Each structure stands twice: as structure tokens, then as C-alpha cells.
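> Input: one structure, supplied below.
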Amino acid sequence: MDGKIETSLKNPKYIRLSYTLGKASPVHIGLPQPDIKPINQISKGDNYNTSLLTVENHCGTHIDAPAHFIQGGRLISDYGPDELTFSHPLVLDCPKSPGELVDIEDVSKISYENIDCLLLCTGFYQYHDTDWEKYLEQNPGLSPGAVHYLREKFPNLRCVGIDTISMSRYGHAEEAVKVHQTGFMEKEGFGKPLLFVEDLDLSALDGKVELEQVLVVPWQVDGLDGAPCTVLARIKT
1202 MDGKIETSLK NPKYIRLSYT LGKASPVHIG LPQPDIKPIN QISKGDNYNT
1252 SLLTVENHCG THIDAPAHFI QGGRLISDYG PDELTFSHPL VLDCPKSPGE
1302 LVDIEDVSKI SYENIDCLLL CTGFYQYHDT DWEKYLEQNP GLSPGAVHYL
1352 REKFPNLRCV GIDTISMSRY GHAEEAVKVH QTGFMEKEGF GKPLLFVEDL
1402 DLSALDGKVE LEQVLVVPWQ VDGLDGAPCT VLARIKT
């Protein structure tokens, strides 16, 4: 369904904001493609079906924990369900051209003081299935200054998600480090270190949908700095 509202439901309560992970999923340049290898197969005489999954932990829709860029930072397995449930989400519609930044000018429009989860809708999800070169190499990103602003201004903010392959622009290594470290560091005057959710499918959020709650469900694997995840959103009715 990939985030689309099922037509069979007249008044859906939940939508999915994460992509289905498969062999053909676009992944960040330099990462291996996911591989799904059948092991046991009923069609070949086995009594059951099993498969071997080979997946880099930052493939598909995934969540970054502080340990991704901070030595000694929290792992994704350190987070409990309550810390991955967000009851004051906000979708920020901020259309961006290839390579453009979501900057302080964009996030300063937010007036929801209790916000705990911010979803940045740049519109770049439209290239996820149609133009891999653009999606992977020309993605918009969040500026370090915008991250700093968010952490100072909104102490209850715990999660930021985006509809691009990464929170940072491809080809801007120093900027990428600063974006992530600013989001994940512990610092006086900041709220709790953020979680970043990347490669979101926000195609169902057309401006007419208001969210009541966002649930992030990562793969439960011990010791990882991040993991593929399912993201569900409850719609206000």
C-alpha cells in the first residue's frame, strides 16, 4: 500500500508512511541492495518456506539513533515503545527543488509548541519510484542551522522525519556530519537527542490529512545505531 489509503476503507484511522523494502528498493549510494534469498521452498518439495534476508541497517525507510554519529550515543534497541510513540505530530509542507535546503526560514513557521514529531514533506517522494538518479543524488536536506533552531525552540521535539533518502544532501559530507551531530548531541539548552527517520513515503499527506499520532516500529535487533522501520500514522477524524 506504501502509504496510500486503502480505497476499501471509507474512514481509515491509520495510514502507513513507510515503504515496502525489497530487492528493487532505492538505497543510499554506496550501500548494497537488499537481497532476499529463498532457502526452503514448498514448490521444491520442502514442508515450509523460509528466506535469508541480507539488508544494511540504513536501507529503505529507517530510523537513525544517536549512536549513528555520536560515540556512546543511544542505540535504537535502547528505545522503548513509549519513546517511539508521538502524540503531537506535525507535518510541515515545505516543497523543495533538487539539492535545496530546508532551512531556518522554513522551520520558523512552526507555532505548535508541544510538537514531539516533525515530518518534513519536501515533495521529493515523487521520485522514489520514477527517477533514482534524482532521488539518490539530488535530494533536498535539512540544514544544520534548522536542526539547531528546532532543538532550542522545541524542547519536546524527539523525532524528525523526511521524505528524502537522507536527512542531509548527497555530496555534502561535512554538512551531513553537522546535521546529524547537531540532531543527536546532548547540549544544555537542547531537548532530548533527536531520532531521524529517513526515506518516508508522505504521498498520502496531501495537506487535507491531519495526524493525531505517529508510531515508529524499528526492527528489534540488538546493538544497532539504526534500523529499517515501519511508520504508522493515526488520522484525526
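When we follow our numbering, the leftmost residue of the sequence shown carries the number 1202, and every step to the right adds one.
Note that CB positions come from ideal geometry on N, CA and C, so glycine has one too.
Bear in mind that the values here come from a model prediction, so they are computed numbers and not experimental data.
#1: Assign T1286 to one of three DSSP states: helix, strand, or coil.
#2: Taking Cβ positions, are S1219 and V1432 nearer each other than 8 Å?
#3: Excluding the 5 residues flanking V1418 on each side, which residues of the same chain have their C-beta closer than 8 Å to its C-beta?
#4: Along the chain, where does the beta strand (DSSP E) containing P1345 start, and where does it finish?
#5: Can you check the region 1206 to 1267 for any beta strand (DSSP E) of at least 3 residues that lies completely inside it and give the ranges in chain order?
#6: Counting only the same chain and skipping the five closest in sequence on each side, list residues whose C-beta sits under 6 Å from that of P1290.
#7: Using the Cβ count rule (16 or more neighbours within 10 Å means buried), how would you classify P1296?
#8: Answer yes or no: do V1410 and I1436 have a C-beta to C-beta separation smaller than 8 Å?
#9: What did DSSP end up calling G1204 once you bin it into helix, strand or coil?
#10: Straight-line CA distance for Y1249 to Q1242?
According to the data block:
#1: strand
#2: yes
#3: L1285, C1430, T1431, V1432 and L1433
#4: Not the beta strand (DSSP E): P1345 falls in the alpha helix (DSSP H), residues P1345 to K1354.
#5: 1215 to 1217, 1236 to 1241, 1251 to 1255 and 1263 to 1265
#6: C1318, L1412 and V1415
#7: exposed
#8: yes
#9: At G1204, the pLDDT of 47 sits below 50, so the modelled position is not reliable and the matter cannot be decided from this model.
#10: 6 Å
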